[in-house]
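Numbering (the numbering used here), first residue to last: 141 to 462. Quick reminder that beta carbons are idealized off the backbone N, C-alpha and C, glycines included. Source: prediction; values computed, not measured.
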Amino acid sequence: MTAFFRTAPLRRLTKPLAALALAGLFAGPALAREPVAPAPAAPVAAPVAAPAPAPQVVHPALWKVADADTTIYLFGTVHVLKPGYDWLNGPLKQALDGSDELVTEVLDPVGGEAQAALLSRATLPEGQTLRGLMDAPQRTAFEALLGRVGLQAPAFDRFKPWYAAVVLSSLPMISQGLSPKDGAEATLNAYPGGKARTRAGLETIDYQLGLFDTLPADAQLAYLGNVVRDYDKIGPEIDSLIVAWGKGDAEALATIMNADMDDPRLTETLLVGRNRHWAQWIKARLDKPGTVFVAVGAGHLAGKGSVQEQLAALGLATQRVQ
Numbered sequence: 141m142t143a144f145f146r147t148a149p150l151r152r153l154t155k156p157l158a159a160l161a162l163a164g165l166f167a168g169p170a171l172a173r174e175p176v177a178p179a180p181a182a183p184v185a186a187p188v189a190a191p192a193p194a195p196q197v198v199h200p201a202l203w204k205v206a207d208a209d210t211t212i213y214l215f216g217t218v219h220v221l222k223p224g225y226d227w228l229n230g231p232l233k234q235a236l237d238g239s240d241e242l243v244t245e246v247l248d249p250v251g252g253e254a255q256a257a258l259l260s261r262a263t264l265p266e267g268q269t270l271r272g273l274m275d276a277p278q279r280t281a282f283e284a285l286l287g288r289v290g291l292q293a294p295a296f297d298r299f300k301p302w303y304a305a306v307v308l309s310s311l312p313m314i315s316q317g318l319s320p321k322d323g324a325e326a327t328l329n330a331y332p333g334g335k336a337r338t339r340a341g342l343e344t345i346d347y348q349l350g351l352f353d354t355l356p357a358d359a360q361l362a363y364l365g366n367v368v369r370d371y372d373k374i375g376p377e378i379d380s381l382i383v384a385w386g387k388g389d390a391e392a393l394a395t396i397m398n399a400d401m402d403d404p405r406l407t408e409t410l411l412v413g414r415n416r417h418w419a420q421w422i423k424a425r426l427d428k429p430g431t432v433f434v435a436v437g438a439g440h441l442a443g444k445g446s447v448q449e450q451l452a453a454l455g456l457a458t459q460r461v462q
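Laid out in structure tokens, this is it:
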């Protein structure tokens, strides 16, 4: 996860929700309207379309864990991308083509379930406001950033800190043209090749939102404060993360993503604890014959506490395939 990718101290935190923000679930005060171009005064000749650039071929990392009659591939995704990446090739494509089952973090990342869950989780109790939860320095910095990005000071008043943090950290992704429709999950879901595959999700949207919602108020405010502080770093770091992902450089990915992750509550709740649960799922799934392609945010397959590390603790070895 998510992912998705975030500012330096919070990259793993927004991954589960970045695709939701970019898909329009965080509509309303947080997401700007598309600009409307004025109509031309007179008909003009259609411009000659420039030839589309050749796709950029990249080779993200792929692992597997297997026993005598079951193979489970582990692929780290980027939830939002720009068009023009050719990554479904080579051993990764062969693995997907040969899989009986495709498993992603969730099955319905942008449907009605997600909208209902968001509305029930993101709104503050009656009588509270987001800025009312902040101390004076937090509020000053927060309002200054809202002004810079063209939002009114009350834009997030009725929402919880985690929601504001996720939406604000997603705005640079929008400005860079990143979208979930070009992300890895969208490509996997639409891919017609190979066998007919069953589908499964490791989590539900409500569960993922609940991870944020159950964080203590001070942790949520610290999360938002870090997004505000490091807002200008988000764009360049997204670029670095995508480059590392495309090269299959898990070590570089882990180094970037682990920078300044200094709150153990956030790390355990949103990253390591989930990796531990997924490793248990993988171990249990090995008892059923077949070939399974598991796709989760690339941050879950890199660094300390990764899914591979959790599998090793269960006595299961992973093998790098690509």
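Between Ile345 and Val205, the C-beta gap is not smaller than 9 Å, which leaves the two residues out of contact. One alpha carbon belongs to Leu228, the other to Leu456, and they sit about 27 Å apart. In the pairwise beta carbon analysis, the region 358-367 is classified as not touching the region 260-268: fewer than three pairs are separated by under 8 Å. For Tyr363, the enclosing alpha helix (DSSP H) stretches over residues 357-369. Cβ atoms of Ala305 and Val367 come within 8 Å of each other, at about 5 Å.
For the beta strand (DSSP E) assignment, the uninterrupted runs of no fewer than 3 residues enclosed by the region 392-451 are, from N- to C-terminal side, 430-437. Within the same chain, Pro301, Ala304, Ala305 come within 6 Å of Leu364 by CB-CB distance, once the 5 residues on both sides are set aside.
Listed as beta-bridge partners of Ser319 by DSSP are Leu221.
Between Glu241 and Leu342, the C-beta spacing is not below 9 Å.
The region 320-333 makes no contact with the region 269-278, as fewer than three CB pairs between them are under 8 Å. Rounded to the nearest angstrom, the Cβ distance from Val432 to Tyr213 is 7 Å, consistent with a contact under 8 Å. Within the same chain, Cβ atoms closer than 8 Å to the Cβ of Thr263 are found at Arg298, Phe299, Lys300, the five residues on either side in sequence being excluded. In the three-state reduction of the DSSP assignment, Trp203 falls in the strand class, which pools E and B. Cβ contact annotation for Arg416 (same chain, cutoff 6 Å, sequence separation greater than five): Gln450, in chain order. Nearest to Ala435 by alpha-carbon distance, out of Ala324, Ala452, Ala453, Gln420, is Ala324.
Note on geometry: alpha-carbon atoms of Leu441 and Leu291 lie some 36 Å from one another. One alpha carbon belongs to His199, the other to Thr338, and they sit about 25 Å apart.
Spanning the alpha carbons of Leu355 and Gln459 requires a straight line of approximately 35 Å.
When the beta-carbon positions are compared, Pro195 and Asp237 stay at least 9 Å from each other.
Distances from the CA of Gly317 to each of Trp385, Pro429, Pro294, Gly224 were compared; the closest alpha carbon is that of Gly224. When the beta-carbon positions are compared, Gly437 and Thr217 come within less than 9 Å of each other. DSSP, read as helix, strand or coil, puts Ala305 in helix. Only residues of its own chain outside the window of five on either side were considered, and among them Trp302 have a CB closer than 6 Å to the CB of Phe352, listed in chain order. In terms of Cβ geometry, Gln462 and Leu202 form a close pair [threshold 9 Å]. The C-alpha of Ala453 lies about 43 Å from the C-alpha of Arg271.
Ranking Thr395, Phe215, Ala256 by CA distance to the CA of Leu349 puts Ala256 first. The residues Ala442, Gly443, in chain order, have a CB closer than 6 Å to that of Ala394 in the same chain once the five nearest residues on each side in sequence are set aside. Taking 8 Å as the upper bound for CB-CB distance, Pro312 and Ile382 are not in contact here, some 13 Å apart.
Contact check for Leu406 against Asp207 fails: the beta carbons are separated by 9 Å or more. By the neighbour-count criterion, in which 16 or more other beta carbons inside 10 Å mark a residue as buried, Leu410 falls on the buried side.
According to DSSP, residue pairing for Tyr331 in a beta bridge does not occur.
In this structure, Thr211 lies away from Gly375, with their beta-carbon atoms at least 9 Å apart. CA-CA distance, Val307 to Ser315, rounds to 13 Å. Going by C-alpha positions, Val197 is about 41 Å away from Glu283.
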